[in-house]
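Those sequence lines, one after another, are chains A and B.
Counting from 44, one number per residue, gives the positions in the first sequence under our numbering.
Counting from 44, one number per residue, gives the positions in the second sequence under our numbering.
Note that the Cβ used here is the ideal one computed from N, Cα and C, for glycine as well.
2 protein chains.
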Amino acid sequence: MSPKRSGPTPKVDPKTWVPVTIRDVAKVAHVSTGTVSNVLNRPDIVAESTRQRVLDAVESTGFIRNTQAYQLRGGRSHTVGVVVLDVSNPFFTEMFRGAESRLQSEGYVLMLGSTDDSIEREANFVRAMEEHRVEGVLITPVAADLVSLSGLKTRGVPTVLLDRKATADEFCSVTVDDVRGGELAARHLFETGHAEVVFVNGPTTIRQCRDRRQGVRKAVRAVAKAKKVEVTELSVGALTVRNGEEAVDRILAMSPRPTAVMCANDLLALGVLRGLAAHGVRVPDDLAVVGYDDLIFGSMLSPALTSVRQPALELGVAAAELLLDEVRNPDHRHREVRFEPELMVRASSFKSS
Amino acid sequence: MSPKRSGPTPKVDPKTWVPVTIRDVAKVAHVSTGTVSNVLNRPDIVAESTRQRVLDAVESTGFIRNTQAYQLRGGRSHTVGVVVLDVSNPFFTEMFRGAESRLQSEGYVLMLGSTDDSIEREANFVRAMEEHRVEGVLITPVAADLVSLSGLKTRGVPTVLLDRKATADEFCSVTVDDVRGGELAARHLFETGHAEVVFVNGPTTIRQCRDRRQGVRKAVRAVAKAKKVEVTELSVGALTVRNGEEAVDRILAMSPRPTAVMCANDLLALGVLRGLAAHGVRVPDDLAVVGYDDLIFGSMLSPALTSVRQPALELGVAAAELLLDEVRNPDHRHREVRFEPELMVRASSFKSS
DNA sequence: TGTGGTACTTGACACGTTTCAATAGGTAGA
DNA sequence: TCTACCTATTGAAACGTGTCAAGTACCACA
Numbered sequence: 044m045s046p047k048r049s050g051p052t053p054k055v056d057p058k059t060w061v062p063v064t065i066r067d068v069a070k071v072a073h074v075s076t077g078t079v080s081n082v083l084n085r086p087d088i089v090a091e092s093t094r095q096r097v098l099d100a101v102e103s104t105g106f107i108r109n110t111q112a113y114q115l116r117g118g119r120s121h122t123v124g125v126v127v128l129d130v131s132n133p134f135f136t137e138m139f140r141g142a143e144s145r146l147q148s149e150g151y152v153l154m155l156g157s158t159d160d161s162i163e164r165e166a167n168f169v170r171a172m173e174e175h176r177v178e179g180v181l182i183t184p185v186a187a188d189l190v191s192l193s194g195l196k197t198r199g200v201p202t203v204l205l206d207r208k209a210t211a212d213e214f215c216s217v218t219v220d221d222v223r224g225g226e227l228a229a230r231h232l233f234e235t236g237h238a239e240v241v242f243v244n245g246p247t248t249i250r251q252c253r254d255r256r257q258g259v260r261k262a263v264r265a266v267a268k269a270k271k272v273e274v275t276e277l278s279v280g281a282l283t284v285r286n287g288e289e290a291v292d293r294i295l296a297m298s299p300r301p302t303a304v305m306c307a308n309d310l311l312a313l314g315v316l317r318g319l320a321a322h323g324v325r326v327p328d329d330l331a332v333v334g335y336d337d338l339i340f341g342s343m344l345s346p347a348l349t350s351v352r353q354p355a356l357e358l359g360v361a362a363a364e365l366l367l368d369e370v371r372n373p374d375h376r377h378r379e380v381r382f383e384p385e386l387m388v389r390a391s392s393f394k395s396s
Numbered sequence: 044m045s046p047k048r049s050g051p052t053p054k055v056d057p058k059t060w061v062p063v064t065i066r067d068v069a070k071v072a073h074v075s076t077g078t079v080s081n082v083l084n085r086p087d088i089v090a091e092s093t094r095q096r097v098l099d100a101v102e103s104t105g106f107i108r109n110t111q112a113y114q115l116r117g118g119r120s121h122t123v124g125v126v127v128l129d130v131s132n133p134f135f136t137e138m139f140r141g142a143e144s145r146l147q148s149e150g151y152v153l154m155l156g157s158t159d160d161s162i163e164r165e166a167n168f169v170r171a172m173e174e175h176r177v178e179g180v181l182i183t184p185v186a187a188d189l190v191s192l193s194g195l196k197t198r199g200v201p202t203v204l205l206d207r208k209a210t211a212d213e214f215c216s217v218t219v220d221d222v223r224g225g226e227l228a229a230r231h232l233f234e235t236g237h238a239e240v241v242f243v244n245g246p247t248t249i250r251q252c253r254d255r256r257q258g259v260r261k262a263v264r265a266v267a268k269a270k271k272v273e274v275t276e277l278s279v280g281a282l283t284v285r286n287g288e289e290a291v292d293r294i295l296a297m298s299p300r301p302t303a304v305m306c307a308n309d310l311l312a313l314g315v316l317r318g319l320a321a322h323g324v325r326v327p328d329d330l331a332v333v334g335y336d337d338l339i340f341g342s343m344l345s346p347a348l349t350s351v352r353q354p355a356l357e358l359g360v361a362a363a364e365l366l367l368d369e370v371r372n373p374d375h376r377h378r379e380v381r382f383e384p385e386l387m388v389r390a391s392s393f394k395s396s
């Protein structure tokens, strides 16, 4: 019943599965290995009766094609590597989902790794994926420069940067216009009558924070002629709930008292909301609050949080699309697919007066 | 400069990377392929000067070992497959993180796939992973029976079930005691003085829902002698925010009016909270609310949501540990690692009176 | 019976690596 | 000088698959 290996039978633990090769199948079906291979890859050129016999043999032996041998012979690996900063961040998971849904339908399997902002881990992953001969890589690079990706470039591994711009001679990329997002949020506050706004921002070593700040300034300039607005920037050490909560004291101590708070991120905004609640400050009546990222729970808070949505899923799909083009299209040109953020206006910024 | 392939040079697009093999390296270093292999795998047995020469050649050619060839020759794949129901569910992402952190340090790369509850997709993933000769699989099976995993079993692929029990002769598994979790939550309500409790539960086709209900009943029986308590079960179609919100009308229509609501899941609880807020019902003063899962945002709501925490990260680590044992230890025995859920008491169930 | 053609099937080779028996070159002891 | 032994290196075989030139069997037709 169970297939035996040819040659001198090695001592075999009965619990151990003896790998079934195409040769074993051939033996069972009384054909050559070439015919088995044909049945598997070009079923049309083999006679009906033979084909059936081979298929039965495949079934009865439990044969499973060895991808490494297939690949070694010249086949494709049907594998794509995805390297993100942090899998547990919903933004990245959503992006992964998007890429997965697109690539899965093309028969690819995804390898996933989190770098946790470590250059070393990133290098390890990229290395491992190159060794596995992935057909492409989707990556959120850790470092500002792209030297860590030079290997991918010189070896011609199709690569798409996620949420990170690159010049056309380097890589394809999918991005969200963070400047625009910052502008949208700020403009919204100005338009709803707020003139004294606090911008709680994270460290400017993070590109997203820099860009969003730039957007805020742009909105200020745009509105400056029509009315007088004042934006004070408050810098915090990290984009976390705690940092947002801690910022509240500084916000309430400001004079003149601001009427709105814009946060570089939803977690900060959440912290701010909690801090304000603890101080008995009503939102949005006493103080309006706007976040950024539109994390899933934002819409479930009360008051629901106004936020800037980033189309993470679409980013993932687009990245997959770019990758597929680079893999298949010989005249592929690198390009950037830029997404527009969208302001989701909810109760936290709704001026009831 | 750029390495050429031996034999009749095929027409090579200059943009295309010519794969560098161990043979190319050997040629550059003026040694045999065997020596290159030795430098890579057992550096100690090759002379210092030769080793250096080979390493230089590896560097200058940009050689990257071909894993498929390595593997075909008998090496390990250093790959583990992870199949979950839904990557965007935080519970699974956390679990993935746990497994990743453990397996990464052992040099494994993870392949990830979401089945979205589709048997067919599950089969495809498992198939693909077997073809890739993963060393093991971590999986949340879709179906109640385990027939879809019989292939893994007969072929001896080390497999660990996630959040799903199996008998010892089948697979290893990591689980959370949902009965206990349900019991904890219900008991907490009884102990804080609630006698009229609504249990908003999802479809009992879901094992978790069945188990949690069983826990609730257990708590009722345990407390029955000491005092009289009444638990009414309210069944909803799915574990979503919307379903929770819709359940509120039915809750408020009940007579006698319950004093506490226990939800089978945090999303339901969130919906209930929103619905109650819309009706002007105060939490916890008019009605206490308890959830399940302890999703990250629960602690950030106001009132913060009391919930049952599942140690997802630890589950992932434990699963990885079981897998490693099965891969390495010849006397491995299947076992179940069961985790205890933990009740996180917060404001939503705190009786202020 | 021979010829040509069709419809399948075969078997050896290549892919890139590791392993291992064989060999070369050197050194020390007799 | 011969032998024995060690160290360092070599080269061929093997892993499981797909491809393709070559082969076989069969049939129809002259």
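Starting from the Cα of THR383(B), find the closest Cα among HIS375(B), ASP221(B), ARG250(B), PHE134(B) and give me that residue. The amino acid occupying residue 383(B) in the given sequence is Glu; Thr does not appear at that position. Ranked by Cα distance from GLU383(B), the first of HIS375(B), ASP221(B), ARG250(B), PHE134(B) is ASP221(B).
Could you check whether the region 280-287 of chain A touches the region 299-317 of chain A, counting it as contact only if at least three pairs of C-beta atoms, one from each stretch, sit closer than 8 Å? Yes, since at least three Cβ pairs between the region 280-287 of chain A and the region 299-317 of chain A fall closer than 8 Å, the two stretches touch.
Within a Cβ cutoff of 6 Å, which residues of the same chain sit near MET44(B), ignoring the five residues on either side of it in sequence? Since pLDDT at MET44(B) reaches only 34, below the 50 mark, its modelled position is unreliable, and the value read off the structure follows with that caveat. Here the set comprises nothing.
Rounded to whole angstroms, what is the Cα-Cα separation between VAL22(A) and VAL63(B)? There is no way to answer for residue 22(A), as the model of chain A reaches only from 44 to 396.
So what's ASP292(B) in DSSP terms, helix, strand or just coil? Residue state, collapsed to three classes: helix.
Residue environment, GLU85(A), which counts as buried when at least 16 other CB atoms sit within 10 Å: The question names Glu, yet the displayed sequence has Arg at residue 85(A). Around the C-beta of ARG85(A), fewer than 16 other C-beta atoms lie within 10 Å, and the residue is accordingly described as exposed.
Close Cβ partners of ASP374(A) (< 7 Å) along its chain, the five nearest in sequence each way excluded: Cβ contact annotation for ASP374(A) (same chain, cutoff 7 Å, sequence separation greater than five): none.
Close-in-space but distant-in-sequence residues of the same chain around ARG253(B) (CB under 7 Å, 5 per side omitted): In its chain, beyond the 5 residues on either side, THR247 have a beta carbon closer than 7 Å to the beta carbon of ARG253(B).
I think LEU330(A) touches ALA303(A), with their Cβ atoms under 8 Å apart; what is that distance to the nearest whole Å? For a cut-off of 8 Å, the C-beta gap from LEU330(A) to ALA303(A) is around 7 Å, short enough to register as a contact.
Straight-line Cα distance separating VAL126(B) from SER395(B): Any reading at SER395(B) is ruled out, since the residue's pLDDT is 47, under 50, leaving its predicted position unreliable.
Beta strand (DSSP E) containing SER350(A): first to last residue? Under the DSSP assignment, SER350(A) falls in the beta strand (DSSP E) whose first and last residues are 350-352.
To the nearest angstrom, how far is the alpha carbon of ARG297(A) from that of GLN251(A)? Residue identity differs from the one stated: residue 297(A) is Met in this sequence, not Arg. Using only the alpha carbons, I get a separation of about 26 Å.
Quick check: what's the CA-CA separation for ASN167(A) versus ASP67(A)? ASN167(A) and ASP67(A): Cα-Cα distance of roughly 38 Å.
What in chain A is Cβ-close to GLY156(B), meaning under 9 Å? Result: GLU143, GLN147, VAL152, LEU153.
Kindly say whether SER395(A), judged by its beta-carbon, lies nearer than 7 Å to any beta-carbon of chain B. Reliability of the predicted coordinates at SER395(A) is poor, the pLDDT of 47 falling under 50, and the value obtained from them is presented with this limitation in mind. No, SER395(A) lies away from the interface with chain B (no Cβ there is under 7 Å from its Cβ).
Simplified DSSP state of ASN244(A), which is helix, strand or coil: Three-state result, ASN244(A): strand.
Measuring straight from C-alpha to C-alpha, what distance separates THR183(A) and GLY194(B)? Using only the alpha carbons, I get a separation of about 36 Å.
Straight-line gap, GLU102(A) to THR76(A) (C-alpha atoms, nearest Å): When rounded, the separation of the alpha-carbon atoms in GLU102(A) and THR76(A) is 16 Å.
Are three or more beta carbon pairs between the region 150-157 of chain A and the region 338-350 of chain A nearer than 8 Å? Contact between the region 150-157 of chain A and the region 338-350 of chain A is absent, because fewer than three Cβ pairs lie under 8 Å.
Separation of LEU365(A) from ASN372(A), as counted between CA atoms: If I take the Cα positions, the gap works out to 10 Å.
Inside the region 249-312 of chain B only - beta strand (DSSP E) runs reaching at least 3 residues: Taken in chain order, the unbroken stretches of beta strand (DSSP E) that lie wholly in the region 249-312 of chain B and span 3 residues or more are 273-278, 303-306.
Beta-carbon spacing of ALA228(B), MET343(B) below 7 Å: ALA228(B) places its beta carbon 7 Å or farther from that of MET343(B).
By Cβ distance, which residues of its chain are closer than 6 Å to GLY141(B), with the 5 residues on each side in sequence left out? The answer, listed in chain order, is LEU356, GLY359, VAL360.
PRO354(B) and ALA390(B): beta carbons closer than 7 Å? The Cβ atoms of PRO354(B) and ALA390(B) lie no closer than 7 Å to each other.
Quick check: is the beta carbon of MET343(A) nearer than 7 Å to any beta carbon in chain B? Interface residue, yes.
I believe SER392(A) touches VAL332(A) by the beta-carbon criterion, under 8 Å. Please report the beta-carbon distance rounded to the nearest angstrom. The Cβ separation is near 7 Å, so the contact holds.
Give me the residue from GLY224(A), LEU295(A), ILE249(A) with the minimum Cα distance to ALA321(A). For ALA321(A), the nearest C-alpha among the options comes from LEU295(A).
Is any beta-carbon of chain B found at less than 7 Å from that of GLU173(A)? With respect to chain B, the C-beta atom of GLU173(A) has a partner C-beta closer than 7 Å.
Suppose contacts are defined by Cβ-Cβ distances below 7 Å. Is ALA362(B) in contact with VAL217(B) by that definition? Yes, Cβ-Cβ distance for ALA362(B) and VAL217(B) is below 7 Å.
Check THR218(B) in the structure and name its three-state DSSP category. If DSSP states are grouped into helix, strand and coil, THR218(B) belongs with the strands.
Best match in ARG264(B), THR93(B), ARG317(B) for proximity to ASN286(B) [C-alpha to C-alpha]: ASN286(B) has its Cα closest to that of ARG317(B), out of ARG264(B), THR93(B), ARG317(B).
Going by DSSP, what residues sit across from VAL333(B) in a beta bridge? Partner(s): MET305(B), THR349(B).
Out of curiosity, what's the CA-to-CA distance linking ARG381(A) and ARG255(A)? Cα to Cα, the separation comes out at about 15 Å.
Between which residues of its own chain and HIS121(B) is the CB-CB distance below 8 Å, once the five residues before and five after are set aside? If the five residues before and after HIS121(B) are omitted, its C-beta is found closer than 8 Å to the C-beta atoms of THR110, GLY150, TYR151, VAL152, GLU178, all from its own chain and listed in chain order.
Measuring alpha carbon to alpha carbon, tell me which residue in GLN95(A), ILE107(A), ALA238(A), GLY334(A) is nearest ARG198(B). Answer by Cα proximity: ILE107(A).
Residues near ASP56(A) by beta carbon distance below 8 Å, same chain, minus five either side: For ASP56(A), the predicted model reports a pLDDT of 39, less than 50, meaning its position is unreliable and no value from the coordinates is stated.
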